[in-house]
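Sequential numbering from 171 applies to the sequence shown in the working numbering.
The C-beta atom is built at its ideal place from N, Cα and C for all residues, glycine as well.
I have placed the structure first, in the form of structure tokens, so that the comments after it can refer back to it.
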Amino acid sequence: MSRKELNVSDRWIELSQKKTWIDILTDTAARFPHTKALIFESEEVSYDEYLDRVKDFAKGLYAVGVRPGDHVALWMTNRPEWCYARHAIYKLGARMIPVNTRYKVDDLEYILAQSDAKCLIIEPNFFGKIDSMGMLTQLCPELKDSTPGNVACDKFPSLRTVICVEGSYAHCLSWQEVLRRCEGVADKEVQWALHPEDIIHVIYTSGTTGFPKGIMTPNTINVAYCTISAELFSLKHGDRYMNVLPFFGNIGLWAMSMCLLTGATLVISNRFSSKDTLEMIEKEKISHAM
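Here it is as structure tokens:
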């Protein structure tokens with residue numbers, strides 16, 4: 171099907187060739203600073219607050235050793251920290267490795283080793299049922315004897331830092347501790363030269379026909395696809411997009427990205443329930459849902 175048949179403009183060409191996701195987030199925050207960017211449970215975050223949180227977390231990641239080209243794994247359910255971490259990683263010129271929250275121990279072992287993740291950002295428990303921190307310490311028993319930021323694990327030789335988004339663990343840095351460390355980092359230290367053709371994340375296939383394959387995704391393709399999708403969805407500033415699909419997959423990331431491109435509001439849900447979803451659609455006046 172041609173672009174003419176899809177009835178989309180050439181905006182995707184200009185954006186994908188000239189803009190990174192950090193450029194797009196910065197532009198949207200400048201255009202719509204007080205528009206709600208994210209809604210999650212009782213939390214509401216405007217676009218200018220969103221950008222500030224991305225900048226602060228990028229400085230925090232820099233303070234704990236993340237540099238351009240490093241691989242940073244995200245293993246958590248849908249929540250605002252997922253969004254901030256994603257763009258903070260991009261801002262540093264590092265590469266995001268989304269990790270499936272349905273993975274078992276063997277899957278996690280393969281992904282962390284194969285991806286050469288230097289840093290892991292983890293939610294210690296998924297939905298009150300899945301002990302993700304327990305799985306990590308089962309694979310890396312050395313973690314319990316490590317000091318925060320100085321992980322030494324035989325199975326994951328590249329891994330140096332584990333950041334926990336909630337709770338307190340002696341061997342991990344907390345999300346708040348990483349943010350505190352941003353205070354010692356100047357703005358210029360995280361002003362890396364980013365380019366549209368840069369690889370921004372590596373998403374792994376499900377592995378149903380063998381070991382999962384890591385798909386290296388450049389900014390250009392990701393921006394182009396999401397820009398076209400936003401037009402096809404007729405998504406615009408003032409709309410409210412509810413996403414219940416996991417951010418670790420392409421479609422969940424797609425929802426997050428379309429809102430950034432248009433200044434729409436992303437309403438985050440971390441699991442599907444027909445009753446809760448219908449109630450949220452009514453309460454938040456949802457215009458689009460996935």
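**Item:** Backbone secondary structure at F296 - three-state DSSP
**Value:** As a first step, residue 296 must be located in the sequence shown, where it is residue number 126. Looking at F296 - three-state DSSP - the assignment turns out to be strand.
**Asked** From I391 to Y220, what does the alpha carbon distance come to, in whole angstroms?
**Response** By 1-based counting over the sequence shown, the position of residue 391 is 221. By 1-based counting over the sequence shown, the position of residue 220 is 50. In a straight line, the C-alpha of I391 is about 24 angstroms away from that of Y220.
**Request:** Along the beta strand (DSSP E) that carries P268, what are the first and last residues, could you check?
**Result:** Numbered from its first residue, the sequence shown carries residue 268 at position 98. Start and end: R265 to P268.
**Asked** If we ignore side chains and look at the alpha-carbon of each, how far apart do T378 and F202 end up?
**Response** Taking the sequence shown and counting its residues from 1, one reaches residue 378 at position 208. Taking the sequence shown and counting its residues from 1, one reaches residue 202 at position 32. T378 and F202: Cα-Cα distance of roughly 42 angstroms.
**Item:** Other residues of its chain near S316: CB distance less than 7 angstroms, five sequence neighbours each side excluded
**Value:** Within the sequence shown, residue 316 is the residue found at index 146, counting from 1. Cβ-Cβ distances below 7 angstroms link S316 to A322 and H341 in the same chain, with the five nearest sequence neighbours on each side left out; the list follows chain order.
**Request:** Spatial neighbours of A468 within its chain, please: CB distance less than 8 angstroms, with the 5 preceding and 5 following residues excluded, ordered by chain position.
**Result:** The requested residue 468 is not part of the displayed model; the chain covers only 171 to 460.
**Item:** Endpoints, the alpha helix (DSSP H) within which L128 is located
**Value:** Because the chain here runs from 171 to 460, residue 128 falls outside it and cannot be looked at.
**Same chain, Cβ closer than 6 angstroms to L208, five either side skipped, listed in chain order** = Position 38 of the sequence shown, counted from the first residue, corresponds to residue 208. A distance below 6 angstroms between beta-carbons, with the five flanking residues on each side excluded, links L208 to the following residues of its chain, in chain order: V215, P250 and L436.
**Item:** Residue nearest to R330 in terms of C-alpha spacing, selected from I456, T447, I192 and V236
**Value:** In the sequence shown, the residue the question calls residue 330 occupies position 160. By alpha-carbon distance to R330, the top candidate from I456, T447, I192 and V236 is V236.
**Prompt:** So what does DSSP say about M171, is it helix, strand or coil?
**Reply:** Position 1 of the sequence shown, counted from the start, is the residue given in the question as residue 171. Residue confidence for M171 is low, a pLDDT of 48 falling below 50, so the modelled location carries little weight and cannot support an answer.
**Residue of T205, Q187 and F210 minimising C-alpha distance to M450** = For the purposes of this step, residue 450 is identified with residue 280 of the sequence shown, where counting begins at 1. Nearest option by C-alpha distance: F210.
**Message:** According to DSSP, W469 sits in a beta bridge with which residue or residues?
**Reply:** Since the first residue shown for the chain is 171 and the last is 460, residue 469 is missing from the structure and cannot be characterised.
**Request:** Express the C-alpha separation of L402 and M171 in angstroms, rounding to a whole number.
**Result:** Residue 171 sits at position 1 when you count from the first residue of the sequence shown. Residue 402 sits at position 232 when you count from the first residue of the sequence shown. Reliability fails at M171, whose pLDDT of 48 lies under 50, so the model's placement of it is uncertain and the value that follows must be treated cautiously. Going by the C-alpha atoms only, they are around 14 angstroms apart.
**Prompt:** Between which two residues does the alpha helix (DSSP H) harbouring A400 extend?
**Reply:** In the sequence shown, the residue the question calls residue 400 occupies position 230. Taken as a continuous stretch (DSSP letters only), the alpha helix (DSSP H) holding A400 covers N389 to L402.
**Message:** Applying the 10 Å Cβ sphere with the 16-neighbour rule, what's the burial state of D357?
**Reply:** Here residue 357 refers to the residue found at position 187 of the sequence shown. Result: exposed.
**Request:** Pull up the CB-CB distance for L278 and L309, whole angstroms please, since I reckon it's below 8 angstroms.
**Result:** Residue 278 sits at position 108 when you count from the first residue of the sequence shown. Residue 309 sits at position 139 when you count from the first residue of the sequence shown. Sure, about 7 angstroms apart at Cβ, within 8 angstroms.
**Asked** With which residues is H458 paired in a DSSP beta bridge?
**Response** As a first step, residue 458 must be located in the sequence shown, where it is residue number 288. Answer by DSSP bridge pairing, in chain order: Y411.
**Request:** Enumerate, from N- to C-terminal direction, the unbroken alpha helix (DSSP H) stretches of 4 or more residues contained entirely within the segment 184 to 243.
**Result:** 191 to 201 and 217 to 233
**Message:** So for Y374, helix, strand or coil by DSSP?
**Reply:** Within the sequence shown, numbered from 1, the residue matching residue 374 stands at position 204. Residue state, collapsed to three classes: strand.
**Unbroken beta strand (DSSP E) run spanning T331, endpoints** = Along the sequence shown, one-based indexing puts residue 331 at 161. Its beta strand (DSSP E) spans residues T331 to C334.
**Asked** Cβ of P294 within 7 angstroms of Cβ of M305?
**Response** Taking the sequence shown and counting its residues from 1, one reaches residue 294 at position 124. Taking the sequence shown and counting its residues from 1, one reaches residue 305 at position 135. No, Cβ-Cβ distance for P294 and M305 is not below 7 angstroms.
**Asked** Do you know offhand how far P428's Cα is from H257's?
**Response** If you number the sequence shown from 1, residue 428 lands on position 258. If you number the sequence shown from 1, residue 257 lands on position 87. In the sequence as displayed, the identity of residue 428 is Met instead of Pro. If you take the alpha carbons of M428 and H257, they lie about 14 angstroms apart.
**Request:** Run the CB neighbour count on N177, radius 10 Å, all protein chains shown included, and call it buried at 16 or more, exposed below.
**Result:** Mapped onto the sequence shown, residue 177 falls at position 7. Per the 10 Å Cβ criterion, exposed.
**Asked** Can you list, in chain order, the residues of its chain whose CB lies under 7 angstroms from that of L431, leaving out five sequence neighbours each side?
**Response** Counting from 1 along the sequence shown, the entry for residue 431 is found at position 261. Within the same chain, L431 has close Cβ partners I194, C396, T397 and A400.
**Item:** Contact belief for V348 with V234 at Cβ below 8 angstroms, rounded distance in angstroms
**Value:** Residue mapping note: residue 348 aligns to position 178 of the sequence shown, counting from 1. Residue mapping note: residue 234 aligns to position 64 of the sequence shown, counting from 1. V348 to V234, Cβ: 6 angstroms. Contact.
**Message:** I need the boundaries of the beta strand (DSSP E) containing V437, first residue and last residue.
**Reply:** For the purposes of this step, residue 437 is identified with residue 267 of the sequence shown, where counting begins at 1. Segment T435 to I438, the beta strand (DSSP E) holding V437.
**Prompt:** Roughly how many angstroms lie between the CA atoms of I183 and P388, to the nearest whole one?
**Reply:** As a first step, residue 183 is located in the sequence shown; it is residue number 13 there, counting from the start. As a first step, residue 388 is located in the sequence shown; it is residue number 218 there, counting from the start. Whole-angstrom Cα-Cα distance: 14 angstroms.
**Request:** Starting from the Cα of L313, find the closest Cα among V332, K383 and Y217 and give me that residue.
**Result:** As a working mapping, residue 313 is identified with position 143 in the sequence shown. If we check each option's Cα against that of L313, V332 comes out closest.
**Per-residue DSSP class, three states only, for L448** = Position 278 of the sequence shown, counted from the start, is the residue given in the question as residue 448. Helix at L448.
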